[in-house]
Amino acid sequence: MKMSPGVYGQQRTMVRVHNNQIWVPVTFVHKGRTVTALLLLDTGATSTSISPALARRLDVQAAETTVGAASLADGRVVRTAHVVVENATVGPKAKRNLNVQIMPRAGNEETGLLGMDFLGDFPHVIETKAGVIRWQ
Numbered sequence: 410m411k412m413s414p415g416v417y418g419q420q421r422t423m424v425r426v427h428n429n430q431i432w433v434p435v436t437f438v439h440k441g442r443t444v445t446a447l448l449l450l451d452t453g454a455t456s457t458s459i460s461p462a463l464a465r466r467l468d469v470q471a472a473e474t475t476v477g478a479a480s481l482a483d484g485r486v487v488r489t490a491h492v493v494v495e496n497a498t499v500g501p502k503a504k505r506n507l508n509v510q511i512m513p514r515a516g517n518e519e520t521g522l523l524g525m526d527f528l529g530d531f532p533h534v535i536e537t538k539a540g541v542i543r544w545q
């Protein structure tokens, strides 16, 4: 992740903009294991979620998860698992003990959704043309 100082102490995080989607590098720490993956920025998602493949890479074990459910944008409800990760970091911003959902997903892509449980705690401006999040 690249960070550059902004005006008056602001900081910026580089993101990837593709087909009007904003992909954000997020670093997770779980049980001492550190993994960085691109997550889709989703202001409509209440919670941050990760794919089963990303959960495997973080060495999440079934015994440390709890069962849950999530409502999708199309109205469907899917079963999920929840796990608390030690830390989630985007550029200069970090949250400890973040409860993330493990959402069912076809394929082995290590990805997920960066939701408002993270984004809502850190005022920011998204500059899509520049490909950055400017943290305030």
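Reading the sequence shown from the start, the letters are residues 410 to 545 in my numbering.
All residues carry an ideal CB built from backbone N, CA and C; glycine is no exception.
Just so you know, these numbers come straight off a predicted model, no measurement behind them.
- Partner residues in the beta bridge of residue 437, as assigned by DSSP, are 444 and 497.
- The DSSP-derived three-state label of residue 466 is helix.
- For residue 523, the enclosing beta strand (DSSP E) stretches over residues 521-523.
- Annotated as proximal: residue 496 and residue 505, with beta-carbon spacing under 9 Å.
- Its Cα nearest to that of residue 449, the residue 428 stands out among 428, 439, 478 and 492.
- Contact annotation: residue 474 and residue 462 have beta-carbon atoms that are not nearer than 9 Å.
- Inter-residue distance for residue 528 and residue 472 is about 28 Å (C-alpha atoms, whole angstroms).
- Look at residue 449 here: in three-state DSSP terms it is strand.
- In terms of CA proximity to residue 516, 465 leads the group 436, 444, 465 and 441.
- Beta-bridge analysis with DSSP links residue 478 to 488.
- Of all alpha-carbon atoms in 512, 540 and 500, the one lying nearest the alpha-carbon of residue 437 is that of 500.
- Of the candidates 512, 435 and 451, the residue whose Cα lies closest to the Cα of residue 445 is 435.
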